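In the numbering used here, the protein residues as written are 7 to 256.
Yeah, the Cβ is synthetic: ideal placement off N, Cα and C, and Gly gets one too.
Computed from a prediction, not measured in an experiment: that's the story for all the values here.
So the structure is just underneath, and the comments pick up after that.
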Amino acid sequence: ISIRLFCEVTLTVGKMISLETEQSHYLKNVMRCKINEKILVFDNVTGEYAAEIINIHKRSVDIEILEKTKTRYVPGDVWLIFCPLKKTRTDFLIEKSTEIGLRRFLPTFSNKTQTKTISLNRCRKNIVEAVEQCGGTFIPEISPISSLSKVIEQQPEDRILIFCDETLESKSINECLLLERPQKVAVLVGPEGGFSHSERKLLRTKKNILPVSLGNRILRAETAAVVALTMWHSMVGDWLKKLDHQNHES
Numbered sequence: 007i008s009i010r011l012f013c014e015v016t017l018t019v020g021k022m023i024s025l026e027t028e029q030s031h032y033l034k035n036v037m038r039c040k041i042n043e044k045i046l047v048f049d050n051v052t053g054e055y056a057a058e059i060i061n062i063h064k065r066s067v068d069i070e071i072l073e074k075t076k077t078r079y080v081p082g083d084v085w086l087i088f089c090p091l092k093k094t095r096t097d098f099l100i101e102k103s104t105e106i107g108l109r110r111f112l113p114t115f116s117n118k119t120q121t122k123t124i125s126l127n128r129c130r131k132n133i134v135e136a137v138e139q140c141g142g143t144f145i146p147e148i149s150p151i152s153s154l155s156k157v158i159e160q161q162p163e164d165r166i167l168i169f170c171d172e173t174l175e176s177k178s179i180n181e182c183l184l185l186e187r188p189q190k191v192a193v194l195v196g197p198e199g200g201f202s203h204s205e206r207k208l209l210r211t212k213k214n215i216l217p218v219s220l221g222n223r224i225l226r227a228e229t230a231a232v233v234a235l236t237m238w239h240s241m242v243g244d245w246l247k248k249l250d251h252q253n254h255e256s
């Protein structure tokens, strides 16, 4: 079964659902699906299910839930704090970060952020599409955009803030992660112009800050996000641990 869709309603075996207009259009007019064809659906609550198309109307498609195929799996406890970029670059950051795995996006604007706005609807759509395509069963949250100082001040005390320092003056991320082994983290990547002196000073005063270097080259913001998330998952998070779906039920 190659088609996979996210459903807003909670799913159970035997339930019949009329899909949303956009999803119905996709199945009927794009994929040319027929009655009795099978698809996969998931709900961000209970997991993934196999379903069968039972009716195709002019503007809607009805499905019946047949059996559960996958339990909901929540990624490791990592957030991503990022500054909006140009549309295609923000799309890339959202898509790839979702595929790698995280629980929450926190868009922020700093002193040197060139793009001060972000479409949350566009981001949510990209998040859902990424989860549909990568086989995930968890939809990360995305918060409204806020100033960097406010985002930092509101960080929980028990969450380590991994500050991706583009000055290359900090220890390497792998060295820091091996030493600290932080289980609850928020990864912070800077804007296209980097952080200002006052922002660096603010970050350095925080107790739960972990400045890290991502190598001997200055990376673009979207690349830095992918690298940092990958390193955390491989050294501390999901990829290090044996996947146990039951233990990750929320």
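For residue i, count the other beta carbons within 10 Å of its own beta carbon; 16 or more makes it buried, fewer makes it exposed. Which is it?
| i | result |
| --- | --- |
| MET237 | buried |
| LEU246 | exposed |
| LYS34 | buried |
| THR104 | buried |
| GLY221 | exposed |
| PRO197 | buried |
| ASN253 | Because the pLDDT at ASN253 is just 45, under 50, the model does not fix this residue reliably, and the value given afterwards should be weighed accordingly. The residue is exposed, with fewer than 16 neighbouring Cβ atoms inside 10 Å. |
| GLU28 | exposed |
| GLU172 | buried |
| LEU183 | buried |
Have a look at the options and flag the residue whose alpha-carbon is nearest the alpha-carbon of residue i.
| i | options | result |
| --- | --- | --- |
| SER152 | ASN117, LYS102, LEU72 and GLU163 | ASN117 |
| ILE106 | VAL84, VAL47, VAL67 and ASN61 | VAL84 |
| GLU228 | LEU208, LYS190 and CYS170 | CYS170 |
| ASP49 | ILE7, PRO146, LEU33 and THR211 | PRO146 |
| VAL192 | LEU154, ARG223, LYS177 and HIS203 | The question names Val, yet the displayed sequence has Ala at residue 192. Looking at the Cα atoms, LEU154 is the closest of the given residues. |
| ILE168 | LEU235, LEU91, ILE100 and THR27 | LEU235 |
| PRO150 | THR211, ARG110 and ARG223 | ARG110 |
| VAL195 | HIS239, SER219 and PHE12 | SER219 |
| LYS212 | VAL134, ASP164 and THR173 | ASP164 |
| ARG65 | GLY142, HIS31 and ILE179 | HIS31 |
Look at residue i and residue j and say whether their C-beta atoms are less than 7 angstroms apart.
| i | j | result |
| --- | --- | --- |
| GLU73 | ALA56 | yes |
| GLU58 | LYS76 | no |
| ARG10 | GLU138 | yes |
| LEU112 | ILE87 | yes |
| LEU17 | VAL67 | no |
| GLY82 | GLY199 | no |
| ILE158 | CYS129 | no |
| LYS122 | VAL232 | no |
| ILE23 | ILE69 | yes |
| VAL15 | ILE71 | no |
Whole angstroms is fine: what's the gap from residue i's alpha carbon to residue j's?
| i | j | result |
| --- | --- | --- |
| SER125 | LYS21 | 34 angstroms |
| ILE215 | ALA136 | 30 angstroms |
| GLU175 | GLU181 | 14 angstroms |
| THR52 | ARG78 | 6 angstroms |
| THR119 | GLU186 | 30 angstroms |
| ILE100 | LYS93 | 11 angstroms |
| ALA230 | PHE201 | 14 angstroms |
| GLU255 | CYS89 | Note that GLU255 has pLDDT 48, beneath the 50 cutoff, so the model's placement of it is unreliable and no number is given. |
Answer yes or no: does any C-beta atom of chain C fall closer than 7 angstroms to that of residue i?
| i | result |
| --- | --- |
| LEU25 | No chain C appears in this structure, which consists of one protein chain only. |
Since residue i contacts residue j with CB under 8 angstroms, what's their CB separation in whole angstroms?
| i | j | result |
| --- | --- | --- |
| CYS13 | VAL47 | 5 angstroms |
| ILE41 | ILE7 | So it is not a contact: roughly 16 angstroms between Cβ atoms. |
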